[in-house]
Every structure is written in structure tokens, then in C-alpha cells.
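Residue 17 is where the sequence shown starts when you use the numbering used here, and the numbers rise one by one after that.
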Amino acid sequence: MTSRHILIAAVLMATVGPAAAQSDVELPYWASINVDEARMRKGPSPDVPVTWEYRRKDLPVKVVARFETWRKIEDPDGTQGWMAARLLSRTRTAIVTGEIRPMREDASASAAVAYRAEPGVVGRITDCKNGWCLFDVKGRKGWIQTDHIWGD
């Protein structure tokens, strides 16, 4: 196999692999935007109009439908549209909702507050239990109640 064939195979695996992996998951499921810029479209095709452009890597989205290599998503504001599957990741993230929320040292309302997170802060979720999720905002970790975030 020539180096050109290897390059083509690598490109195909990079673009088809994530879409294939997401096609086995039961709907709806949580995902996140895995690029710095992503476009939401009216339909599952690059030829249909863009309805929204996202410039926020790790923004959580809910995948509600699939069509080939496209995913119909819902964003934190409830807007729905289509996005290429290669722009999405199964990395669990969430966004803080409402008002400033405490991130606690343990999964308990009586635990000490480690940090406070403003509405709109996005972080990664690594564990959820009993109505709490471990929320990691660029290395600052704390437990946050699931009703204070969207994406759990």
C-alpha cells in the first residue's frame, strides 16, 4: 500500500469512524461540539441553508435523530437543526443554567463549596450519581446538582 492510499484510508476513518460509532447509540443521546466552529443546517445536507453557527467547542447538544452522516441536534436554547456527525463528540459536557451555582467538594448539599459557576459556563462531566455530576471546568472540579446544568 502506498503512502497515498494510507493517507486516504486515514482520512476516511477519521470522518466515517465517529459517525459510525454514533449510529449504534439509542436516541436521544448527549453529545458535544468537538470543533471551534460548527454550522447547524435546516436539513441533513451541505447544500441546505445554515440556520446557526456555533463558535463554542464542547457546547453540549442532544442528538434527537440521525440521517446517514448527519445528526439532528437540540442546543441548550432548544433550537433544533442538522449537523454533520464528524463535528460532534460523545464527550459528556454540560452548561450551567439559571444563576450562579455552587460546585461542591462532594456530592452533597452540605459539602463545602469548592467553586462557583456562572450561567453559561461549560464543563466536562466525568461522573453522575444521585442527582449530582462531577463538573470539570478547565481543571477546576466540583460536584454540581443535575438540575443546575443542561447536558446531564
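Here a beta-carbon is modelled for each residue, glycine too, at the ideal position from N, C-alpha and C.
Per DSSP, the continuous beta strand (DSSP E) segment holding V153 begins and ends at 148-153. Approximately 5 angstroms separates the beta-carbon atoms of D74 and V138; this is inside 8 angstroms, confirming the contact.
For the pair of segments examined, the region 103-117 was found to touch the region 153-167: the number of CB pairs separated by less than 8 angstroms reaches three. About 11 angstroms separates the beta carbons of W98 and P65, which is beyond the 8 angstroms limit, so they are not a contact pair. Put simply, the backbone Cα of R57 is about 17 angstroms away from that of N50. G155 places its beta carbon 9 angstroms or farther from that of S48. In this structure, Y70 lies away from A81, with their beta-carbon atoms at least 9 angstroms apart.
For T162, the secondary structure class from DSSP, reduced to helix, strand or coil, is helix.
Secondary structure remark: continuous beta strand (DSSP E) runs of at least 3 residues inside the region 73-98, in chain order: 76-83, 86-90. Here the alpha carbon of Q96 sits roughly 29 angstroms from the alpha carbon of M119.
Taking the C-beta atoms as reference points, R87 is found no nearer than 9 angstroms to T109. L103 sits in a helix when the DSSP states are folded into three classes. Of the other Cβ atoms in all chains shown, fewer than 16 fall within 10 Å of the Cβ of F83; this residue is therefore exposed.
Between the beta-carbon of A123 and that of K157 there is about 12 angstroms, and that puts the pair past the 8 angstroms contact cut.
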